[in-house]
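Step one of this worksheet: look at the structure below.
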C-alpha cells in the first residue's frame, strides 16, 4: 500500500509547512563559545607578577617625572630672570652684565654658535677615526689583538674631563702650535683658518678644544659602532666571501650597510656628550671680547662652560636665573639633537 | 703557555710595585708646618701677642685673594697660641659676606667693604652694634708681560687703559715708546689677557683704570672685565699660563703668582717716575691710603690711592677686609677674634712678602690694632 500525502494546494505538491515531521524553521546554528587564547586571561595573578609589573612601570614613570621636574625647575628659575633682561635673549652676543639684577643684559647667540661649532668640529674629526677603529677591530684584527685594543679605546672614556682640559692646554696646545700657525698663515683665504678673536699662538682656541673633544667622544662612538658591526649576520659575510669579494668589498657590501644606523646613533651620542662638555672647555677656551667669526682660531664660551665659570657667584636668584636660562636652551638643544638622531635611525632601519 | 706565564710574572711585579708604592707613601711626617717659620714666632713679641684668650676654633669665609695670607696667619696663630685654629673657606667675597650676615661664620673676608644695603643687615647680625671693615691683607696686582726682547717695561694708567680697551694695538706705539725711552719694542700686536671668571682682582684693576685714567677708561668697574679687548683666562693660574704661552701678551695678576712663575712685571709711572713693584713701594702705597671715615671702621678710599701721583708709590693695590662685629659677639668669640687679628698683624707679617703680599707698615698697623682692641 502506498503512502498517500494530503494534496492541498493547486500545484499538487504537498505544503512543507503542513508536514508534521521535522522542523523546517531556519534557526541560527548555535556557535560554540570561543575559547580564549590569551594565556594570562583567567590565570591566577601571582604576587610576584604584580610586584614586578609595578616596579617596571614605576621605573619608567620615575624617569619621565625626573626629566619633567628638571625641565620645570629650569623654566621656573629662568623666567623671572628673562623678564629682567634688557636685551633680546636669542640675539644678544656681547658681554653678560648681571651686576644690577633689575636690569641685566644677557644673550646666547655667541654661546650657541661656539657650542655648535666646537661640537660639530669634534664630531667631524672623531667620526672617521671611530669608523676606522670599529672596522679594524671587528673585521681585520686578529682575536688576540682585538680585545686589548678595544679595552684601551674604552679606557679613553675613563680619563676625567678635567685631565683632558689640562692636558689639552698645557701639553697638546704647544705641540700643535706649529700646525696652527701654518694653517693660519697659508690657508688664510678660507674663513675657517682666519685669525679669530683669540691668539693662534696662545693655544686657547676652538682648534685645540675641538681636537681634545674629539678624543673624548671617540670611545663612545667606537663602542657603539663596534657592537653593531659585530652583529652583522655571518650569513651575509660568508655569502659575500663565497662570491669572491675581497675583505674591503665584504665590509663595503655587508658590514657598512648593516651597521650604518648604529654608527649614526653612536655619532649622535658622541655629539650629545660634546654639546654638554663643561670642564675641559672651561680650561682650554679663552674668554673673548670680540664677536665670534666662525673661525677655528676663535674662542669663547659654550653654554656649559659659561655656567661653570660663573657658578661660584650664584648668590642672587635673578643672576642665577640668567645662567639657568642658558642651561635651559642647552637642555632643549640636546633634546632636539637626540630626537633627530632617533628619527634618522628609525628612518634607516625601515628602509 | 709561555704568554700566560709572562703575563703572570708581569702581573705579579705590577701588583708588588703598586703595594710598595702605596705603603711607602705613608712615610713622611704629618707636621708639614716647616721649621723655617718658627723663627717668626720667636721674633720680637709685640705688646698684645701674649693674649691667647677665647675659643679654640674660629670660622671665617670669603675672598680667595687673601687665602694664602690667611693660611700663613693661621699657621702663626697656632704656633703663638697653641691649640687655636681658624677654618677659612675661600668661597668668594659675595658668599663670605652672606654667610657672615647669616651668623654662620665668625667673620668674613671680602675684597670690598660692606655695601650700603648690607650695613643694616650687619647691624642686626651684630646685635645692634655696627660691623667694621678691617683691611688686614694688601696684595699688589702685578702687570706681567711677555714681549720678545724686552726685559723692562714702563706703563702708566692712561696707556694701560688704552691697551685693555683696544685703542693701542701695537707694542711700538708712540705712547708706549714715550715712557720707555732707550728700549726698542717690537712691531708686534699686543694681546691683553684678562680674568674671565668673576674676580675681585678684575674689579680693583678696573677701578684703578677708572681713577687713574678717567678719559681713556669709560667702561666702568665690576668683577667681570668690561674692557672690550683681549683674551680671558680662568683664574690667576690660567692668566699666568696664557701670558707664558702667548708672545706679545700683557695681563694683570696677583704679585705672588707672577713671582712664582718668574714672569717679568711692568713698572708703573703715575707722574712721579717709574715705580718698580717692591716691598718699599707697596708699603708706601699702604701708608698713603686714606680711610673713608674717622672711627674704627677702616674702610679705605682706594680711589685716592689709585689716582695718586706721588713718587715711589705703587698704586695698583688690592685690599681685602676682614668684616667683624664691633660688639655682639659672645665673650669667647670676641676674645678669639681679637687674638687672631692681633697675632696676624704682628707675628704673622714675617713671611707675607714671600707669599706675595705686603707687610703692614707701622703707622697703619697702629691704627688697625686700635680698632681690633675696641672689639667688645
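Chains as they are written, first to last, in our numbering: chain D, -1 to 349; chain L, 46 to 421.
C-beta: ideal position from N, C-alpha, C; glycine also.
Please read all numbers here as calculations on a predicted model, not as lab measurements.
Reduced DSSP secondary structure (H/G/I, E/B, other) of residue i
i: residue 212(D); result: helix
i: residue 144(L); result: helix
i: residue 333(D); result: helix
i: residue 93(L); result: Any reading at residue 93(L) needs caution, since the residue's pLDDT is 45, under 50, leaving its predicted position unreliable; the model's value is listed next. Three-state DSSP puts residue 93(L) in coil, outside helix and strand.
i: residue 284(L); result: helix
i: residue 106(L); result: strand
i: residue 97(D); result: coil
i: residue 396(L); result: coil
i: residue 100(L); result: coil
i: residue 44(D); result: coil
i: residue 411(L); result: helix
i: residue 188(D); result: coil
i: residue 189(L); result: strand
i: residue 49(L); result: helix
i: residue 369(L); result: strand
i: residue 82(D); result: coil
i: residue 84(L); result: Confidence at residue 84(L) is low in this model, with a pLDDT of 39, below 50, so its placement is unreliable and the value that follows should be read with caution. Correct three-state label for residue 84(L): helix.
i: residue 177(L); result: strand
i: residue 235(L); result: coil
i: residue 54(L); result: helix
i: residue 79(L); result: Only weak support exists for where residue 79(L) lies, its pLDDT of 41 falling under 50; the coordinates are left without a value.
i: residue 325(L); result: helix
i: residue 196(L); result: coil
i: residue 217(L); result: coil
i: residue 344(D); result: helix
i: residue -1(D); result: With a pLDDT of 47 at residue -1(D), under the threshold of 50, the modelled position of this residue cannot be trusted, and the question is left open.
i: residue 33(D); result: coil
i: residue 64(L); result: helix
i: residue 157(D); result: coil
i: residue 374(L); result: coil
i: residue 240(L); result: strand
Spatially closest choice to residue i from the options, by CA coordinates
i: residue 185(L); options: 238(L), 113(L), 101(L), 360(L); result: 360(L)
i: residue 347(L); options: 386(L), 390(L), 119(L), 255(L); result: 255(L)
i: residue 190(L); options: 402(L), 237(L), 69(L), 51(L); result: 237(L)
i: residue 404(L); options: 416(L), 390(L), 412(L); result: 390(L)
i: residue 250(L); options: 234(L), 235(L), 269(L); result: 269(L)
i: residue 180(D); options: 192(D), 169(D), 259(D); result: 192(D)
i: residue 208(D); options: 187(D), 185(D), 300(D), 260(D); result: 300(D)
i: residue 235(L); options: 193(L), 103(L), 382(L), 252(L); result: 193(L)
i: residue 175(L); options: 316(L), 220(L), 182(L), 161(L); result: 161(L)
i: residue 110(D); options: 66(D), 95(D), 298(D), 32(D); result: 298(D)
i: residue 99(D); options: 344(D), 335(D), 312(D), 340(D); result: 312(D)
i: residue 215(L); options: 224(L), 202(L), 230(L); result: 230(L)
i: residue 239(L); options: 204(L), 260(L), 279(L); result: 279(L)
i: residue 133(D); options: 46(D), 245(D), 101(D), 58(D); result: 245(D)
i: residue 417(L); options: 233(L), 282(L), 70(L), 96(L); result: 96(L)
Within chain D, partners of residue i - CB distance below 9 Å
i: residue 269(L); result: 93, 94, 95, 96, 97, 308
Interface partners of residue i on chain B, CB under 9 Å
i: residue 243(L); result: Among the chains of the structure shown, chain B does not appear; the protein chains present are D and L.
Proximal chain D residues relative to residue i, where beta-carbon distance stays under 8 Å
i: residue 292(L); result: 199
i: residue 229(L); result: What residue 229(L) touches in chain D: nothing, since even the nearest Cβ is about 21 Å away.
i: residue 163(L); result: Within 8 Å Cβ-Cβ: nothing; residue 163(L) doesn't reach chain D, min ~12 Å.
i: residue 286(L); result: 167, 168
i: residue 236(L); result: 197, 200
Partner residues on chain L for residue i, Cβ-Cβ distance less than 7 Å
i: residue 287(D); result: 272, 273, 274, 275
i: residue 75(D); result: Within chain L, no residue comes near residue 75(D); the closest Cβ sits about 18 Å away, beyond 7 Å.
Contacts of residue i in chain L (Cβ-Cβ under 9 Å)
i: residue 357(D); result: Given a span of -1 to 349 for chain D in the structure shown, any question on residue 357(D) remains unanswerable.
i: residue 82(D); result: Chain L residues near residue 82(D): none, gap ~17 Å exceeds 9 Å.
Task: Any 3 or more C-beta pairs closer than 8 Å across the region 195 to 214 of chain L and the region 303 to 323 of chain L - done: yes
TODO: Mind checking the region 265 to 280 of chain D against chain L and listing, in chain order, the residues whose C-beta falls within less than 7 Å of any C-beta there?
DONE: 280
Task: Segment contact flag, the region 130 to 144 of chain D with the region 324 to 337 of chain D, C-beta cutoff 8 Å, min 3 pairs - done: no
TODO: Could you name the residues of the region 41 to 67 of chain D whose beta carbon sits closer than 9 Å to any beta carbon of chain L, in the order they occur along the chain?
DONE: Within the region 41 to 67 of chain D, no residue qualifies.
Open item on the list: By the 8 Å beta-carbon criterion, what residues does the region 147 to 178 of chain D contribute toward chain L?
Closed with: Contact annotation: in the region 147 to 178 of chain D, residues whose CB is within less than 8 Å of a CB in chain L are 167, 168, 171, 172.
Open item on the list: Under 8 Å: do the region 270 to 286 of chain D and the region 156 to 167 of chain D share three or more Cβ pairs, one atom per stretch?
Closed with: yes
Task: Residues, ordered as in the chain, of the region 196 to 226 of chain D that lie near chain L by beta-carbon distance below 9 Å - done: Under the 9 Å Cβ criterion, the region 196 to 226 of chain D contributes 196, 197, 199, 200, 201, 202.
Task: the region 117 to 134 of chain D in contact with the region 211 to 224 of chain D per 3-pair CB rule at 8 Å - done: yes
- [ ] Please name the residues in the region 126 to 157 of chain L whose beta-carbon is closer than 8 Å to at least one beta-carbon of chain D, in chain order.
- [x] Hits within the stretch, in order: 136, 137, 139, 140, 143.
Task: Inter-stretch contact at 8 Å, needing at least 3 Cβ pairs: the region 197 to 207 of chain D / the region 230 to 240 of chain D - done: no
Task: the region 116 to 123 of chain D / the region 271 to 278 of chain D touching (three or more Cβ pairs under 8 Å) - done: yes
Task: At least 3 beta-carbon pairs within less than 8 Å: the region 335 to 343 of chain L vs the region 165 to 182 of chain L - done: Taking one beta carbon from each stretch, the region 335 to 343 of chain L and the region 165 to 182 of chain L have 3 or more pairs nearer than 8 Å; the two touch.
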